[in-house]
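S.K.: Below is one structure. I have some questions about it.
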Amino acid sequence: MIKQRTYILSLDGPCNQKCLFCMKTEDIERKPKKSYASVIKEIKNASVLGYKCIDFYRGEPTTYSFLKEAVSFANLLGLEVTLATNGVMFASLDFTTRFFKETDIYGVRVSLHSDIPTVHDKITQVRGSWKSTISGIKNILRFNDRLSVNVVITALNYKQPLRIAHFIYSLGVKGIKYSGICLAGRILEHKDIYVSYESFRAYLIDALKVCKKLNFKLIEIEKMPSRVLEEVNLKETAQFRE
Ligand code: SF4
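Residue numbering for the sequence shown follows the working numbering, beginning at 15 and increasing consecutively.
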């Protein structure tokens, strides 16, 4: 996704998942949802400050009933919009259709942590979330193929990055991001799911090699040493290759 001059619009308030690694538990559990007026003001300020892109980010943006209106407002100001979501709300084709027909979204990042439903559901702490997220991914792809899947690596999935890559590729997804975790937020109560970079590095390298072969149009990493990309001759890309 675009990284230059991107304003991160962090939407607080409750989320419809309870991921074991969530770093923003304070913000999403204690802060109230932002009001429509305050979100519009933030978008206006971002535009005045010269930002070219705006990223609607966690809690879970789709839990805001005015999300479409806020995105449309950003579009009106000429801002490119990206969205980070857990994809659950997009399980409804009706919701997805209305959302994408009424907005102009450059790209979407959807978090999916395993090709195995029980593993994903354990991480999100919501039974059935894998099924919803998969439906969401399929529905989003009907309208926008700049979809990237964000895989957070934990002790529950650190041996699986390769099979996750194959799985999402089979769904038609062309972007992937592997993220490490910071010891902050909810994971402090679930330290058993933390896994060190040294432990997952070899599995990740195998997966990155395959992502390159499969010609993913966007390959990103986060919260881990960037040299892992160099090891497989990959350069960090900021946006989808068209
Ligand atoms: S979907 Fe995102 S904001 Fe919601 S609990 Fe998971 S990590 Fe936190």
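C-beta: ideal position from N, C-alpha, C; glycine also.
To the nearest angstrom, report how far apart Phe254 and Thr96 are at their CA atoms.
M.R.: Cα to Cα, the separation comes out at about 12 Å.
S.K.: So who's on the other strand from Asp274, going by DSSP bridges?
M.R.: Look at the range of the chain in this structure, 15 to 256, and you will see that residue 274 is not part of it.
S.K.: Mapping DSSP to helix, strand and coil, what is Ile16?
M.R.: For Ile16, the pLDDT reaches just 47, beneath the cut-off of 50, and the residue's location in the model is therefore unreliable, although a value from the coordinates is still provided. Here Ile16 sits in coil by DSSP.
S.K.: Rounded to the nearest angstrom, what separates Tyr120 and Phe70 at their Cα positions?
M.R.: 12 Å
S.K.: For Leu161 and Tyr217, which I take to be in contact (beta-carbon distance under 8 Å), what is that distance rounded to the nearest angstrom?
M.R.: Actually they are not in contact, since the Cβ atoms of Leu161 and Tyr217 sit about 23 Å apart, beyond 8 Å.
S.K.: With respect to the alpha helix (DSSP H) encompassing Glu250, which residues constitute its N-terminal and C-terminal limits?
M.R.: That residue, Glu250, is in no alpha helix (DSSP H); it is neither H nor E in DSSP.
S.K.: Have a look at Leu170 and Tyr208 and give me their C-alpha separation to the nearest angstrom.
M.R.: Their Cα atoms are separated by approximately 9 Å.
S.K.: If we ignore side chains and look at the alpha-carbon of each, how far apart do Ser79 and Met103 end up?
M.R.: 11 Å
S.K.: Please report the residue range of the beta strand (DSSP E) in which Tyr192 lies.
M.R.: 189-193
S.K.: Taking Leu34 and Arg200 to be in contact with their CB atoms under 8 Å, please state how far apart those CB atoms are, rounded to whole angstroms.
M.R.: 6 Å
S.K.: Answer yes if the segment 109-120 comes into contact with the segment 230-242, meaning at least three C-beta pairs across the two stretches below 8 Å, and no otherwise.
M.R.: no
S.K.: What are the boundary residues of the beta strand (DSSP E) that Ile233 is part of?
M.R.: 232-236
S.K.: Mark Pro239 as exposed unless 16 or more other C-beta atoms lie within 10 angstroms of its C-beta, in which case mark it buried.
M.R.: Within 10 angstroms of the beta-carbon of Pro239 lie fewer than 16 other beta-carbons, which makes it exposed.
S.K.: According to DSSP, Leu161 sits in a beta bridge with which residue or residues?
M.R.: Val122
S.K.: By Cβ distance, which residues of its chain are closer than 7 Å to Glu244, with the 5 residues on each side in sequence left out?
M.R.: none
S.K.: Would you check whether the ligand SF4 has a heavy atom nearer than 7 Å to the C-beta of Glu40?
M.R.: no
S.K.: What residues are listed by DSSP as bridge partners for Val257?
M.R.: This structure leaves residue 257 out entirely; the chain is present only between 15 and 256.
S.K.: In chain order, which continuous runs of the alpha helix (DSSP H) of length 4 or greater are located wholly inside the segment 195-228?
M.R.: Fully enclosed alpha helix (DSSP H) runs of 4 or longer: 211-227.
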